[in-house]
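Undergrad:
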Amino acid sequence: MLQTLKTYFGYDSFRPLQEDIIKHVLHQKDTVVLMPTGGGKSICYQLPALMMEGTAIVVSPLISLMKDQVESLQANGIAARAMNSNNNETENLSLRRDCIQGKIKLLYISPERLLLEMNYLLKDIKISLFAIDEAHCISQWGHDFRPEYTQLNAIREHFPQIPIIALTATADKITRQDIVKQLNLKEPKVFISSFDRPNLSLDVRRGYQQREKTRAILDFIAKRPNQCGIIYCLSRERTVKVAEMLTKHGISVAVYHAGLSASARDKAQNDFINDKIQVVCATIAFGMGIDKSNVRWVIHYNMPKSIESFYQEIGRAGRDGVKSDTMLFYSLGDLVMLSKFAIDSGQQAINLEKLNRMQQYAESDICRRRILLNYFGENMEHDCGNCDVCKNPPERFDGTIIVQKALSAIVRANQEIGTRMLIAILRGNYSEELVNKGYDKLKTFGVGRDIPQKDWQDYLLQMLNLGYFEIAYNENNHLKITPAGAKVLYGQEKARLVVIKNEEKAISKAKKGGKKIEKVVQPIIPSFLSNEEMDQELFEELRLLRKRLADQQSIPAYIVLSDKTLHLLASQKPTTLEEFGNINGIGEYKKERYGKDFIEIIQKMTSK
Ligand code: ADP
Ligand code: ZN
43 MLQTLKTYFG YDSFRPLQED IIKHVLHQKD TVVLMPTGGG KSICYQLPAL
93 MMEGTAIVVS PLISLMKDQV ESLQANGIAA RAMNSNNNET ENLSLRRDCI
143 QGKIKLLYIS PERLLLEMNY LLKDIKISLF AIDEAHCISQ WGHDFRPEYT
193 QLNAIREHFP QIPIIALTAT ADKITRQDIV KQLNLKEPKV FISSFDRPNL
243 SLDVRRGYQQ REKTRAILDF IAKRPNQCGI IYCLSRERTV KVAEMLTKHG
293 ISVAVYHAGL SASARDKAQN DFINDKIQVV CATIAFGMGI DKSNVRWVIH
343 YNMPKSIESF YQEIGRAGRD GVKSDTMLFY SLGDLVMLSK FAIDSGQQAI
393 NLEKLNRMQQ YAESDICRRR ILLNYFGENM EHDCGNCDVC KNPPERFDGT
443 IIVQKALSAI VRANQEIGTR MLIAILRGNY SEELVNKGYD KLKTFGVGRD
493 IPQKDWQDYL LQMLNLGYFE IAYNENNHLK ITPAGAKVLY GQEKARLVVI
543 KNEEKAISKA KKGGKKIEKV VQPIIPSFLS NEEMDQELFE ELRLLRKRLA
593 DQQSIPAYIV LSDKTLHLLA SQKPTTLEEF GNINGIGEYK KERYGKDFIE
643 IIQKMTSK
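If you want this note's numbering, it's the position in the sequence shown, counting the first as 1, plus 42.
1) Tell me the rounded alpha-carbon separation between Ser613 and Gly363.
2) Just checking Gly82 against the ligand ADP - is the residue's beta carbon closer than 7 Å to any of the ligand's heavy atoms?
3) Please state if the CB of Phe328 and the CB of Val74 are separated by a distance shorter than 8 Å.
4) Flag Met77 as yes when its Cβ comes closer than 7 Å to any non-hydrogen atom of the ligand NAP, and as no otherwise.
5) Given that a residue counts as buried once 16 or more other Cβ atoms are within 10 Å of its Cβ, and exposed if not, what is Leu288?
6) Comparing the CB of Arg57 with every heavy atom of the ligand ADP, is any distance shorter than 7 Å?
7) Helix, strand or coil, according to DSSP, for Lys522 in the structure here?
8) Does the Cβ of Ala300 have 16 or more other Cβ atoms within 10 Å, making it buried, or fewer, making it exposed?
9) Would you call the CB atoms of Val284 and Cys275 closer than 8 Å?
10) Taking the beta strand (DSSP E) that Gly271 belongs to, which residues open and close that run?
11) Buried or exposed: where does Leu508 fall if 16 or more other Cβ atoms within 10 Å of its Cβ makes it buried?
12) Is the beta carbon of Gly360 less than 8 Å from the beta carbon of Arg239?
13) Would you identify the three-state DSSP class for Leu104, choosing helix, strand or coil?
14) To the nearest angstrom, report how far apart Gln219 and Leu506 are at their CA atoms.
15) Just to confirm before moving on: does the CB-CB distance between Lys433 and Gly249 stay below 8 Å?
16) Check whether the Cβ atoms of Thr617 and Ile644 sit closer than 8 Å, and answer yes or no.
17) Quick one: using the 10 Å Cβ neighbour count with 16 as the cut-off for buried, is Lys606 buried or exposed?
18) Report yes if the C-beta of Arg239 is less than 7 Å from at least one heavy atom of the ligand ADP; otherwise report no.
19) Could you check the C-alpha separation between Arg590 and Gln499 for me, to the nearest Å?
20) Smallest Cα separation from Gln111: which of Glu131, Val337, Tyr87, Arg410?
21) Could you give the distance in angstroms between the alpha-carbon of Ile601 and the alpha-carbon of Ser335?
22) Distance check for Arg307 and Asn118, CA to CA, integer angstroms please.
23) Does the region 461 to 469 come within contact of the region 403 to 413, defined as at least 3 CB pairs closer than 8 Å?
24) Would you call the CB atoms of Gly2 and Thr49 closer than 8 Å?
25) How should Ile549 be labelled, buried or exposed, when 16 other C-beta atoms within 10 angstroms of its C-beta is the threshold for buried?
26) For Leu148 versus Val67, is the C-beta distance shorter than 8 Å?
27) Work out the CA separation of Lys309 and Ile321 for me, nearest whole Å.
28) Please check the pair Leu611 and Leu584, which I expect to be a contact at CB under 8 Å, by giving their CB distance rounded to whole angstroms.
29) On a Cα-Cα basis, can you pick out the residue from Asp376, Leu194, Gly637, Lys228 that is closest to Pro103?
30) Could you give the DSSP three-state label for Ser305: helix, strand or coil?
31) Does the beta carbon of Asp308 fall short of 7 Å from some heavy atom of the ligand ADP?
32) To which residues of the same chain is Leu163 closer than 7 Å at the C-beta, ignoring the five residues directly before and after it?
33) Provide the residue span of the beta strand (DSSP E) that contains Ile63, from first to last.
34) Reducing DSSP to helix, strand and coil, say where Met125 ends up.
35) Less than 7 Å between C-beta atoms, sequence neighbours within five positions excluded: which residues of the same chain meet that for Ala599?
36) By the three-class DSSP mapping on this structure, what secondary structure does Ala98 have?
See below:
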């Protein structure tokens with residue numbers, strides 16, 4: 043098994059569970075695999091397909107996914123092909139011939155086509171195994187339900203003896219049971235791998251206004267030249283605005299949302315996959331068809347509606363295992379909007395609960411990864427060292443007086459105001475509405491003038507999360523004090539708020555030569571995440587070569603070599619074909635095909 047892994051894929055070892063899963067499949071048994079995105083599911087059926095006699099039939103829901111898989115396999119010299127509505131008749135004819143002659147090791151096929159071929163092509167070839175990719179599409183409860191998937195029970199009827207392996211990144215129990223039941227699996231073994239993705243850093247920015255988000259995003263991208271990423275926004279309009287802003291700053295970007303034509307969406311997706319653009323600004327419509335392994339970062343411009351969505355979206359970064367970054371902006375406005383969506387959704391209770399858990403994540407002052415894994419039912423015993431809380435733990439202070447000012451203003455305005463009016467009252471800002479209602483006569487009018495508007499927003503968000511007041515979504519978003527809030531208001535309890543870290547202020551103060559504001563906390567990044575002594579200049583040259591080779595063959599650059607392999611080349615600098623072939627991620631085929639070109643550049647650059 044290890045030999046085959048190295049020869050074809052160039053990897054030196056298996057990831058956790060891969061070996062057990064492969065053995066199970068080789069024993070002709072039914073298997074269910076649950077692994078997070080980027081966990082390494084494909085090898086679990088591709089390796090058995092190579093080792094078993096006959097052709098493996100792989101069912102996949104999207105043409106773009108099949109294309110990606112087939113291209114990566116072919117790039118490793120493996121006989122893989124796809125059969126779907128993209129093929130013309132001549133292609134199909136030769137493909138059928140090749141299949142019947144036993145020349146194909148893996149045949150990717152859409153579920154519709156599979157059903158059509160059940161009594162024809164499939165009866166004429168020797169089948170080694172069936173792999174059902176994205177198997178959660180079978181479940182009506184999930185987010186990617188595909189009606190054609192429910193007919194896949196025909197596989198077992200027609201081919202009772204052939205093992206089936208079903209794979210998905212969706213972990214919940216109902217989906218899992220649906221998969222087993224509907225595919226009619228025989229005493230399947232279910233393999234569930236850890237959902238941890240330690241190479242993804244986690245960072246939450248609370249209460250940023252638009253201008254600050256813009257600045258943070260530009261800064262973030264500037265620190266990551268040539269690295270591509272995705273910015274997820276809540277609305278279509280916002281994707282367009284963010285894209286315009288980035289274009290103005292010279293960043294190549296595309297927009298992707300469900301309101302665009304199919305061809306515009308395809309173009310955006312292809313340009314991104316082929317590194318023709320650096321950034322995609324997208325709604326959640328973007329993602330499922332993306333297997334691009336070198337997405338280096340994901341930013342959430344707005345908070346997602348649940349931890350599942352969030353995790354799936356950030357999971358699109360760093361599939362190749364290389365260190366990748368994520369950043370989530372989280373504001374009171376998002377929360378109000380998402381709560382409205384949840385309430386109007388028809389599944390109010392569930393969706394509010396999901397939003398609530400997402401909010402807890404964003405507000406957490408313990409290691410964020412612990413919260414995520416805990417949500418997926420995994421227990422993590424230690425802090426991760428790769429999230430903003432671990433790197434920079436929040437500091438708290440006695441904020442009782444601040445809280446009392448706000449709560450008192452709410453009470454004096456008869457609990458009939460929203461956050462905007464509340465801040466106006468606290469800051470003593472006149473407006474027609476405010477004066478008409480007589481709020482300028484309140485005792486609390488202007489008592490919070492010393493705190494900037496933005497910081498008030500932040501404190502109010504904290505107070506909401508501490509449960510001091512609630513937002514009455516059915517009453518114009520008016521604020522209502524809770525019993526916990528009343529305790530603070532009447533001095534029975536103290537309130538501990540988190541110190542607001544204002545980066546803008548911090549930077550300008552530091553620049554003015556003031557004293558250092560913060561102690562420098564050394565991030566504890568696990569050693570495998572740091573780029574071990576990589577030669578940056580060489581890396582750039584190798585990257586350009588990779589791009590040239592990719593363009594010549596019209597395949598994405600990450601399929602020629604992954605970012606991880608490229609990093610290894612730039613740090614280990616092999617100068618012979620043998621050394622080149624020893625690099626993790628380079629199998630026999632790639633060694634023969636690309637070895638000379640890469641070695642040449644490495645020799646040239648290192649002899650300078
Ligand atoms: P998934 O389908 O679970 O999202 P993939 O099968 O696409 O994940 O694998 C993610 C990445 O990890 C790919 O780039 C793949 O080549 C790589 N990978 C898989 N198994 C191994 C391994 N044993 N060693 C090193 N890299 C691996
Ligand atoms: Zn952490």
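Glycine included, each C-beta is placed from N, C-alpha and C at the ideal position.
TA: From the atom records:
1) Position 571 of the sequence shown, counted from the start, is the residue given in the question as residue 613. Position 321 of the sequence shown, counted from the start, is the residue given in the question as residue 363. Straight-line Cα distance between these residues: approximately 16 Å.
2) Working through the sequence shown from its first residue, we reach residue 82 at position 40. With a cutoff of 7 Å, Gly82 counts as near the ligand ADP, since its C-beta is closer than that to a heavy atom of the ligand.
3) Taking the sequence shown and counting its residues from 1, one reaches residue 74 at position 32. Taking the sequence shown and counting its residues from 1, one reaches residue 328 at position 286. In this structure, Phe328 does not lie closer than 8 Å to Val74 by Cβ.
4) Questions concerning the ligand NAP fall outside what the structure shown contains, since the ligands it does hold are the ligand ADP and the ligand ZN.
5) Mapped onto the sequence shown, residue 288 falls at position 246. So Leu288 counts as buried.
6) To locate residue 57, count along the sequence shown from 1; it is residue 15. Closer than 7 Å to some heavy atom of the ligand ADP: that describes the Cβ of Arg57.
7) Residue numbering aside, residue 522 sits at position 480 when the sequence shown is read from its first letter. Lys522: strand per DSSP, three-state reduction.
8) Stepping through the sequence shown from its first residue, residue 300 is reached at position 258. It is exposed - the Cβ of Ala300 has fewer than 16 other Cβ atoms within 10 Å.
9) Counting from 1 along the sequence shown, the entry for residue 284 is found at position 242. Counting from 1 along the sequence shown, the entry for residue 275 is found at position 233. Yes, Cβ-Cβ distance for Val284 and Cys275 is below 8 Å.
10) Looking up residue 271 in the sequence shown gives position 229. Here the beta strand (DSSP E) through Gly271 covers 271 to 274.
11) One-based indexing of the sequence shown puts residue 508 at position 466. By the Cβ-count criterion, Leu508 is buried, with 16 or more other Cβ atoms from all chains shown falling within 10 Å of its own Cβ.
12) By one-based count along the sequence shown, residue 360 stands at place 318. By one-based count along the sequence shown, residue 239 stands at place 197. It is a contact, given that the beta carbons lie within the stated cut-off.
13) As a working mapping, residue 104 is identified with position 62 in the sequence shown. Reduced to three states, the DSSP call for Leu104 is coil.
14) Sequence index remark: in the sequence shown, residue 219 carries index 177 (1-based). Sequence index remark: in the sequence shown, residue 506 carries index 464 (1-based). The straight-line gap from Cα to Cα measures roughly 38 Å.
15) To locate residue 433, count along the sequence shown from 1; it is residue 391. To locate residue 249, count along the sequence shown from 1; it is residue 207. Going by C-beta atoms, Lys433 is not nearer than 8 Å to Gly249.
16) Against the sequence shown, residue 617 aligns to sequence position 575. Against the sequence shown, residue 644 aligns to sequence position 602. In contact: Thr617 and Ile644 (Cβ atoms closer than 8 Å).
17) Position 564 of the sequence shown, counted from the first residue, corresponds to residue 606. Buried: at least 16 other Cβ atoms inside 10 Å.
18) Within the sequence shown, the letter at position 197 stands for residue 239. Arg239 Cβ: outside cutoff for every heavy atom of the ligand ADP.
19) Along the sequence shown, one-based indexing puts residue 590 at 548. Along the sequence shown, one-based indexing puts residue 499 at 457. Cα to Cα, the separation comes out at about 50 Å.
20) Counting from one through the sequence shown, the residue named residue 111 turns up at place 69. Of Glu131, Val337, Tyr87, Arg410, the residue nearest in Cα terms is Tyr87.
21) Taking the first residue of the sequence shown as position 1, residue 601 is located at position 559. Taking the first residue of the sequence shown as position 1, residue 335 is located at position 293. Answer to the nearest angstrom: the Cα atoms are 8 Å apart.
22) For the purposes of this step, residue 118 is taken as the residue at position 76 of the sequence shown. For the purposes of this step, residue 307 is taken as the residue at position 265 of the sequence shown. Near 29 Å, if we compare the C-alpha coordinates of Arg307 and Asn118.
23) Short answer: they don't touch.
24) Given that the chain is displayed from residue 43 to residue 650, the structure contains no residue 2 and the question cannot be resolved.
25) Translated into the one-based positions of the sequence shown, residue 549 becomes position 507. Residue placement at Ile549 is poorly supported in this model, since its pLDDT is 43, which falls under 50; the coordinates still yield a value, given next. Exposed.
26) Taking the first residue of the sequence shown as position 1, residue 148 is located at position 106. Taking the first residue of the sequence shown as position 1, residue 67 is located at position 25. In this structure, Val67 does not lie closer than 8 Å to Leu148 by Cβ.
27) Taking the sequence shown and counting its residues from 1, one reaches residue 321 at position 279. Taking the sequence shown and counting its residues from 1, one reaches residue 309 at position 267. Residue identity check: residue 321 is Val in the sequence provided, not Ile. C-alpha separation (whole angstroms): 13 Å.
28) To locate residue 611, count along the sequence shown from 1; it is residue 569. To locate residue 584, count along the sequence shown from 1; it is residue 542. Correct: roughly 6 Å between the Cβ atoms.
29) Your numbering for residue 103 matches position 61 in the sequence shown. With distances taken between Cα atoms, Pro103 lies closest to Leu194.
30) In the sequence shown, counting from the first residue as 1, residue 305 sits at position 263. Judged by DSSP in its simplified three-state form, Ser305 adopts helix.
31) If you number the sequence shown from 1, residue 308 lands on position 266. In this structure, the C-beta of Asp308 stays at least 7 Å away from each heavy atom of the ligand ADP.
32) The count along the sequence shown starts at 1 and reaches residue 163 at position 121. Here Leu163 has Arg138, Cys141 as same chain residues with Cβ atoms under 7 Å from its own Cβ, once five neighbours each way along the sequence are excluded.
33) The residue given as residue 63 occupies position 21 in the sequence shown. It is not in any beta strand (DSSP E) - Ile63 instead sits in the alpha helix (DSSP H) that spans 60 to 68.
34) Against the sequence shown, residue 125 aligns to sequence position 83. In the structure shown, Met125 sits in a strand (DSSP, three-state: E or B).
35) As a working mapping, residue 599 is identified with position 557 in the sequence shown. Apart from sequence neighbours up to five positions away, the residues of its chain that approach Ala599 with a beta-carbon distance below 7 Å are Asp317, Arg588, Lys589, Ala592, ordered along the chain.
36) Within the sequence shown, residue 98 is the residue found at index 56, counting from 1. Correct three-state label for Ala98: strand.
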